[in-house]
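Residue numbers for the sequence shown follow the working numbering, so the first one is 18 and each next one is one higher. The beta-carbon is built from N, C-alpha and C at its ideal position, and this holds for glycine as well. Structure first, commentary second.
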Amino acid sequence: MPAHPTPSLARHGMLSIRGARHASSAPLPQDPPTIELGRQIFVYNHLQRNHVVYSLTKALKNNKALRQIPYNGKKTVPRALRKDLWAPLATLTFPSAPIGLSTLQKLREFRRRHELEKAKWQEGDSHARRRNLKVYNRDEEEEERKKKIKERLEVLVDQKANSVADIAYVLGKLDFVGVKREELVPAKE
């Protein structure tokens with residue numbers, strides 16, 4: 018039997034004590050059975066600003082939700098989500114995951130398109146007004162410009178109406194393609 022020097026025995030004893038301290042006797046938590054990713058889309062609405070966020074999970078994830086909020090200038094995107102300011106707007110359930118994922122992609126594309134088209138429309142409108150001004154008053158123009166920026170931000174941030182219309186359009190397209198409404202709405206027992 019090989020003899021261990023005292024420091025080696027002490028080190029071995031300390032390692033076994035540490036292992037026992039950090040070991041857990043409680044059973045490991047098991048993941049609940051999950052639905053296929055994409056079968057359900059959860060739509061959340063910001064109560065004050067009417068931001069809309071799409072999620073594949075029932076709980077909002079901070080980073081994924083913040084990526085969906087457009088940056089339109091200073092103080093338009095929060096640093097973190099406050100759970101008390103977000104409420105569920107809708108839950109969309111689909112018969113299969115690929116249909117749900119393609120619907121989510123379409124909804125995100127439509128939102129991006131709304132953002133870009135509104136920005137171009139607002140920009141073109143202000144240039145036309147600027148050309149028609151005959152009297153140049155710097156203070157009034159600066160004040161008017163600040164008001165227009167605030168109005169434009171409010172219009173860009175308010176996504177609720179467009180999102181509801183987009184959802185109706187995409188679900189109508191699914192109905193037209195051949196996915197029956199009975200498959201979209203689960204039967205109540």
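Query                                                                                                                                  : Result
Cβ distance (whole Å) where valine 172 is taken to contact threonine 93 below 8 Å                                                      : The Cβ separation is near 12 Å, so there is no contact.
Contact between the region 89-103 and the region 178-197 (3+ Cβ pairs under 8 Å)                                                       : no
Distance, tyrosine 61 Cα to glutamate 206 Cα                                                                                           : With a pLDDT of 43 at glutamate 206, under the threshold of 50, the predicted position of this residue should be treated as unreliable, though the coordinate-derived value follows. In a straight line, the C-alpha of glutamate 206 is about 27 Å away from that of tyrosine 61.
Residue burial classification, isoleucine 58 (beta-carbon count within 10 angstroms, cutoff 16)                                        : buried
Residue-chain proximity (threonine 93, chain C), Cβ-Cβ < 7 Å                                                                           : Among the protein chains of the structure shown there is no chain C, as only one such chain exists.
The region 157-164 touching the region 68-83, judged by at least three CB pairs closer than 8 Å                                        : no
Backbone secondary structure at glutamate 199 - three-state DSSP                                                                       : Bear in mind that the predicted position of glutamate 199 carries a pLDDT of just 49, short of 50, making it too unreliable to give a figure here.
Glycine 117, DSSP secondary structure in three states                                                                                  : helix
Exposed unless 16 or more other CB atoms sit within 10 angstroms - verdict on tyrosine 71                                              : buried
Exposed unless 16 or more other CB atoms sit within 10 angstroms - verdict on threonine 120                                            : buried
Paired residues, beta bridge with phenylalanine 59 - DSSP                                                                              : Ser72 and Thr108
Proximity test, serine 72 beta-carbon vs the ligand SAH heavy atom, cut-off 6 Å                                                        : The ligand SAH is not part of the structure shown, which contains no ligands of any sort.
Buried or exposed (CB count within 10 angstroms, at least 16 for buried), phenylalanine 193                                            : exposed
Test item: CB-CB of histidine 131 and asparagine 67 under 7 Å                                                                          : no
Nearest candidate by alpha-carbon position, reference glycine 90, set Glu168, Glu159 and Val187                                        : Glu168
For glutamate 168, the first and last residue of its enclosing alpha helix (DSSP H)                                                    : 155-174
Contacts around tyrosine 88, its chain only, beta-carbon distance under 7 Å, and the 5 residues preceding and following it disregarded : Val94
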